[in-house]
Amino acid sequence: MLIDTHCHLMEPHFKADVASVLQNSALAGVSKLLNIGCHLEGSRDSDCMCRPEYLKEIEGILGDNAILPQIYGSQGIHPHDSNQTTDEVMGDFEKVIRSNKRIVVIGETGLDYFYMNQPKEMQLSSLRKHMVLAEETGLPVSIHCRDAADSLEARKDMLRILAEFPKVRCVMHCFVQDQEYADAVLAMPVGHILSFGGVVTYPSSEALRKVASGVPVDRFVVETDSPYLTPQAFRGKRNEPAFVVATAKVLAEVRGVEVEEIERLTNGTAERFFGILGSNY
Ligand SMILES: [Zn+2]
839 MLIDTHCHLM EPHFKADVAS VLQNSALAGV SKLLNIGCHL EGSRDSDCMC RPEYLKEIEG
899 ILGDNAILPQ IYGSQGIHPH DSNQTTDEVM GDFEKVIRSN KRIVVIGETG LDYFYMNQPK
959 EMQLSSLRKH MVLAEETGLP VSIHCRDAAD SLEARKDMLR ILAEFPKVRC VMHCFVQDQE
1019 YADAVLAMPV GHILSFGGVV TYPSSEALRK VASGVPVDRF VVETDSPYLT PQAFRGKRNE
1079 PAFVVATAKV LAEVRGVEVE EIERLTNGTA ERFFGILGSN Y
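Each residue of the sequence shown is one higher than the one before, counting from 839 in our numbering.
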């Protein structure tokens, strides 16, 4: 049993077959997943897709043998779309969070200085608005952080903002940075966690596997970021939550433990961090 802490099932890649993708996830042992919104429309979909009516609809499509993971959601705007982050939108997010207890995380939000699709100041302002919402609601934040080539500016700005909000817990989604940044994030007393996805399985990710091998047992989780970043074992295919198993296997190898131990550790951390112990439904 595993928890995919970050996927995007509302993306067009899943439009034709989301019911069977969900069923395959459950069959592969993914018992819970966090379906993350990253713009206005995606956050609306994330809310709808973790409501009981949606699950009924999917069960109807699958018929008698339906088996499904528990679906949780988020409200947030990715740095690529940070021009959408107005006070009005954040107010709407807060209403959704207060009305749907399956929304368990804010984001994804963050900083992307690699693509720089929006000006830096706009990304910083959007990130801060998400952190304020997290302070007000008590939910953790799913953080995207990507530096421009040969620069550490995004991670430096990120550490500064995390320090501005000492009570807000963050999951560093798709963690790909170095030991120094991991140490700085993990040293903050609030208890941030790192999330490892497909990138840790790539042949070129030797340094990242070294980082992953040393993270304290209660400070990491796994994710797919599907439909993107397919693990090496399934490279060339569309990524989906079922493939999180491949990432867990690699983490087991580098940490020198059985995959069951990675399942036990990451499930425990995800359940505690996102407050999704038991069924929550
Ligand atoms: Zn994502």
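Note that beta-carbon positions come from the ideal geometry of N, C-alpha and C, so glycine has one too. This structure is a prediction, so every number in the text was calculated from the model and none was measured.
- Counted as a single uninterrupted DSSP element, the beta strand (DSSP E) harbouring T843 occupies residues 840 to 845.
- Per DSSP, I935 has no beta-bridge partner at all.
- For C1008, the uninterrupted beta strand (DSSP E) run begins and ends at 1008 to 1010, by DSSP.
- DSSP, read as helix, strand or coil, puts R966 in helix.
- For the pair of segments examined, the segment 921 to 936 was found not to touch the segment 903 to 910: the number of CB pairs separated by less than 8 angstroms stays below three.
- Between M848 and E1044, the alpha-carbon positions lie close to 32 angstroms from each other.
- Burial check for N1105: the Cβ neighbour count within 10 Å reaches 16 or more, so the residue is buried.
- With respect to Q1017, V1049 sits close: the two C-beta atoms are nearer than 8 angstroms.
- Exposed is the label assigned to A987, since fewer than 16 other Cβ atoms lie within 10 Å of its Cβ.
- Around the CB of T1062, 16 or more other CB atoms lie within 10 Å, so the residue is classed as buried.
- Considering only R889, L965, S884, the residue with the shortest C-alpha distance to P917 is L965.
- C-alpha of T1039 to C-alpha of V1092: approximately 10 angstroms in a straight line.
- Counting along the chain, D950 sits inside no alpha helix (DSSP H); it lies in the beta strand (DSSP E) bounded by residues 941 to 950.
- When H1030, E959, N938 are compared, the shortest CA-CA separation from P1054 is found for H1030.
- Beta-bridge annotation (DSSP): K870 is paired with I841, Q908.
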